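Comments concern the structure below.
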Amino acid sequence: MIRWIRQQLGFDPPHQSDTRTVYIANKFPHHGHYIPQRFADNRIISSKYTVWNFVPKNLFEQFRRIANFYFLIIFLVQLMIDTPTSPITSGLPLFFVITVTAIKQGYEDWLRHNADNEVNGAPVFVVRSGSLVQTRSKNIRVGDIVRVAKDETFPADLVLLSSDRAEGTCHITTASLDGETNLKTHFAVPETAVSQTVSRLESIQAVVECQQPEADLYRYVGRITVDQQGEEIVRPLGPENLLLRGARLKNTKEIFGVAVYTGMESKMALNYKCKSQKRSAVEKSMNTFLIIYLGILLFEAILSTILKYAWQAETTWDEPFYNQKTDKERNSSQILKFISDFLAFLVLYNFIIPISLYVTVELQKFLGSFFIGWDLDLYHEESDQKAQVNTSDLNEELGQVEYVFTDKTGTLTENEMQFRECSINGIKYQEINGKLVPEGMTADTPDGPVPCLNKEEELFLKAVSLCHTVQISYDQTDAPGDPFSHANGFTPQMEYYASSPDEKALVEATKRMGVTFTKCSGETMEIKTFGKAEKYKLLHVLEFDANRRRMSVILQKPSGEKVLFTKGAESAILPYTTSGEIEKTRVHVDEFAMKGLRTLVVACRNFSADEYQEVDKRLHEARTALQQREERLAEVFNFIEKDLEVLGATGVEDKLQDKVQETIEALRLAGIKVWVLTGDKHETAVSVSLSCGHFHRTMNILELVQQKSDSECAEQLRMLARRIKEDHVIQHGLVVDGASLSLALREHEKLFMDVCKNCSAVLCCRMAPLQKAKVVRLLKTSPEKPITLAIGDGANDVSMIQEAHVGIGIMGKEGRQAVRNSDYAIARFRFLSKLLLVHGHFYYIRIATLVQYFFYKNVCFITPQFLYQFFCLFSQQTLYDSVYLTLYNICFTSLPILVYSLFEQLVHPHVLQSKPALYRDNSKNSLLSFKTFLYWTFLGFCHAFVFFFGSYILMGEDTTLMGNGQMFGNWTFGTLVFTVMVITVTLKLALETHFWTWMNHFVTWGSIAFYFIFSLFYGGIIWPFLHTQDMYFVFVQLLSSGSAWFAIIIMIITCLFPDVIKKVLFRHLHPTSTQKSQFIEANQGIGCVDSMCCFSEGQNSCTRMGRLVERMMGRCDPSRATRSWSNSETFSNDRSILTLSPMEVSHC
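Under the working numbering, the final residue of the sequence shown carries the number 1592; numbering is consecutive throughout.
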């Protein structure tokens, strides 16, 4: 009973065993002991809420936020005890914040519900009761046989039973899952592949046993037991048999599959889960400041309560003649009275905590993130991809990065492979005009007769053209029958698809040299050697994995012999070789690597009949195991891939992306250290690092490689540390390999980090994916707590991207796993420069000022309220009207800071890109340092003292300042303080603004105008729904007094003039790099029109947009736009959404 309740509440999953048993077509056994397992239905649920739980669940989530919970407590206190302010003053802002957030989240969830309903209601065909029945996707059950037609997506995770092809294969693309557009071939087991009709499928007696659902897209362990005429046949099932929900069927008319994982248990749904929440340094600082202000609030409340009782110790003040106590009040508990008074003061001062800060920050991050997507400088025309923001919570973190960890292949390079050289039987060869030519020789007759290959060359090329997982696609796929039947050799319509660009480059290279891979269907691979066809039977594929770093195929030659072809990294092949030109090949591999080529070693092994029988038996046992299948397979693979004969090695070039060197240099000038983490071999990685500018030719390269023991590693680290100390003038670069890194991280973390931090550049080669994440975590958790950024393009970079403070995915050729798991995505590495130096710089300055300004204006707001208590015997009388209390943060001062936080630019984007050193001005969270926080807080207290005592001095002695002789009262005094405060805090922000647009002008002067207009209407009309109207005609009378106007002007000048003097002195005596750049920019005359937007169509579009922007902003100054359009001018091709190319004066 308890377990059932826990299952219903979602604490226990319905399945408890490690495996699940699926009866195909739901033909359960008839014996009475069978208890069917419970599986999820096929509904996809991406929404968070339902109609029933939206209100309680959303409120619970919102009140987990400290500020919301705090204001809820204040509101409840106001309801329960007699407080000086109305509950509306806290309740209305809280209600506004909660409602706006709830509406936003509710609308987003409604869109998710619509998307779910569309998916769950999609029509599908299933086999039931001997016929094909149409139903909705959500009605599919585990065990149902589902039919999927060409170009349809799979509605659940299916084990392939059969297809329209006799061999039971089909092609799919997984672009929606991992971004890989290449065709993948999936297979049905032979026993079910023959069942191509509904009647035959219905008669299948089979059971699938497999693991419980897991998120890994590339892992599936199971087996199928087929009952044929009383005999049970067991076949292994792996990822090649599983068709994932969301993938699409291609080049195949139809398939039938049995559903094994449905709904939220499908692999696609399991990958929906959110990544661990990353918090920016600004958010952490903001929470720290909130706690400090909470301390200030408690201090003011406790002090006021104590002073009240100290004041009331005298009977005269405790019970004045005009306020006699009742008997109940005299006899009440002193402790309860003290608590009640303390809570009342807490309510009175509670607005020092800004409730609207969170909402404004969220709006700023959400709206500000659109600028990245709109930036045409981050748009890649060739691939038609723009920058993508997956989370807006980390925008400001882009301006604080200290370390960049980057992958090499596909990130610094194009991941477009070109075959360059190879080594065969100890001889180096080059490809010249499609011919294999020994090094030092030339192809004499490019168009002459077909050259002959010797035995070793032919065997090597055959091994390369057969040892892979490349697929072939034909254009004639719509013709009936097998599309491969149209291929009688290589035709223009044939195209290779590969998950690895290396494999595709090698197969295309062998084709050019005369050995063409022409067909792969089921268990047959076919090649043509100079037109002569050869068929090989594919017996086994030993798949590539990151631990072995090699892949193999076992084939049966046309002669009947069994042979193993294998290829992989030289460190994964050469130690297992026993024959062939091992040493010469090793030398050639190192030479290839020194040229920056990616290397693979190719080897073979021939099996006798007995040896192959043993191999086949072991593979079958390992592949049909349900427990520890990976470990058992790894053991068998190592047993097979030994006693190898080296055939040769290949060298493939991966060219650098554009402007990689300039980008790395810009990051270095910005004070950002770049680490390259790659799986490539040592020599290749060093060569690429030198060519891309990561290592300089003048740099002293230190190496920590091939360490065998802890003691050896420690000694080498100590020696490197001594060398760095002795050669302190020289720049150092460090090279570490994966094995040495494991030793260094095991016992000598501190020593290793000391060496790394003293190096200008670090290169880690032969890295496993988890090692990349460990290195990032090591730096991230070091005592200095630097902000880290990881950038990569492949699935092997995901752990690194998720570990870093900021993760950036490259939209490359290795799928979209990195993009899906990243915080931001860009198409090319060179875009990283502008993303950090411009967008990051702007975002950090904007949000840092926003946070400080919010605390400043709330100190200005509440401190006069605190000071007023000294003049009203701590009677908890409020200084401001409750409407002003409520609207101060919501209406009067909210819009100027929001617009500032969206558009502010201290310097022009061009200047930031041309002077990367400006990035350092904001390093180490300098704008939110404790010193800066204290300055803003002190400034708030000073201005508050001026507001209060200025008004008191100017009005306190003579209250008959109105023309009609009437006296100023309490509300007039409070309104005067409030008026000066609203104008001053708005003008203070205007002083901080460097980049003025029409929107800044509108909200700045509009907010002040709105305050005056609102106050005139609020105090000038008797509103029937208000119980009391203390402010009636107060504001009109205040403005009718010339003395009041004089007081307002004097106090505003008194507050802001010292701030202006300070800014002028500091800018001239101790200017920062940013301020120096502002002087240069002002002299060069870059106008704000240059900083708004730009189009790529050229001069005409830019001038049209220029006129429009100038009209909108009213800032068309010909003297500031005297530069003419020129392709040779610096930055003239910059096409930023934030930067407008130069225009001619006439167009302005």
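Just so you know, even glycine gets a beta-carbon here, dropped at the ideal spot from N, CA and C. Please read all numbers here as calculations on a predicted model, not as lab measurements.
- Boundaries of the alpha helix (DSSP H) around Cys1499: 1486-1513.
- Of the candidates Thr629, Met712, Ala637, the residue whose Cα lies closest to the Cα of Asp660 is Met712.
- Here the alpha carbon of Thr618 sits roughly 52 Å from the alpha carbon of Thr1516.
- CA-to-CA, the gap between Glu1228 and Leu801 works out to about 29 Å.
- According to the DSSP secondary-structure assignment, Ile916 is paired through a beta bridge with Tyr940.
- Within the same chain, Cβ atoms closer than 8 Å to the Cβ of Ile1496 are found at Val1424, Ile1427, Thr1428, Leu1431, the five residues on either side in sequence being excluded.
- The Cβ atoms of Lys1028 and Gly843 do not sit closer than 9 Å to each other.
- Where Lys981 is concerned, the enclosing beta strand (DSSP E) starts and stops at 976-986.
- DSSP, reduced to helix, strand and coil, places Gly1418 within a helical segment of the structure shown.
- Pairwise C-beta distances place the stretch 1142-1154 out of contact with the stretch 1220-1234, as fewer than three of them are shorter than 8 Å.
- Nearest to Phe1347 by C-alpha distance, out of Cys1386, Asn1333, Ile1289, is Ile1289.
- For Lys697, the CB contacts under 6 Å within the same chain, skipping 5 residues up- and downstream, are Lys594, Asp608 in chain order.
- Relative to Phe1305, the option among Phe1392, Val1282, Asp1237 whose CA is nearest is Phe1392.
- Exclusion of the five residues before and after Ser1131 leaves Ala1037, Met1038, Lys1039, Gly1040 as the residues of its chain whose Cβ lies within less than 7 Å of its Cβ.
- When the beta-carbon positions are compared, Ile532 and Thr855 stay at least 9 Å from each other.
- With distances taken between CA atoms, Gln1357 lies nearest to Asp821 out of Asp821, Ile488, Glu744.
- Cβ-Cβ distances below 8 Å link Met1197 to Leu1222, Leu1223, Ser1226 in the same chain, with the five nearest sequence neighbours on each side left out; the list follows chain order.
- By the C-beta criterion, the stretch 972-987 is judged not to be in contact with the stretch 938-948, since fewer than 3 inter-stretch pairs fall below 8 Å.
- Around the beta carbon of Arg1272, 16 or more other beta carbons sit within 10 angstroms, so the residue counts as buried.
- Counting along the chain, the unbroken beta strand (DSSP E) around Leu1178 starts and ends at 1176-1181.
- Every unbroken stretch of the alpha helix (DSSP H) spanning 4 or more residues and falling wholly within the stretch 782-812 is given here in chain order: 800-812.
- Annotated as distal: Gln1309 and Thr1330, with beta-carbon spacing of 9 Å or more.
- Contact between the stretch 678-695 and the stretch 637-648 is absent, with fewer than three C-beta pairs closer than 8 Å.
- Taking a 10 Å sphere around the C-beta of Arg644, we find fewer than 16 other C-beta atoms and assign the residue as exposed.
- Here the alpha carbons of Val541 and Ile525 stand approximately 24 Å from one another.
- With contacts defined by Cβ atoms closer than 9 Å, Val1007 and Met995 do not form a contacting pair.
- Spanning the alpha carbons of Tyr1379 and Arg992 requires a straight line of approximately 59 Å.
- Straight through space, the alpha carbons of His557 and Val1118 are spaced by roughly 43 Å.
- Cβ-Cβ distances below 6 Å link Tyr823 to Lys830 in the same chain, with the five nearest sequence neighbours on each side left out; the list follows chain order.
- Inclusion of Ala1491 and Leu1398 in the CB contact set at 9 Å is warranted, their separation being smaller than that value.
- Only residues of its own chain outside the window of five on either side were considered, and among them Glu1191, His1192, Leu1195 have a CB closer than 8 Å to the CB of Ala1158, listed in chain order.
- Here the stretch 1358-1378 lies against the stretch 720-730, with 3 or more beta-carbon pairs under 8 Å apart.
- Secondary structure at His630: strand, using DSSP grouped into helix, strand and coil.
- Remark: C-beta atoms of Lys1011 and Leu1044 approach each other more closely than 9 Å.
- DSSP, reduced to helix, strand and coil, places Pro1227 outside both helices and strands of the structure shown, so it counts as coil.
- Looking only at Ser909, Met1244, Glu883, the smallest Cα-Cα distance to Gly958 is reached by Ser909.
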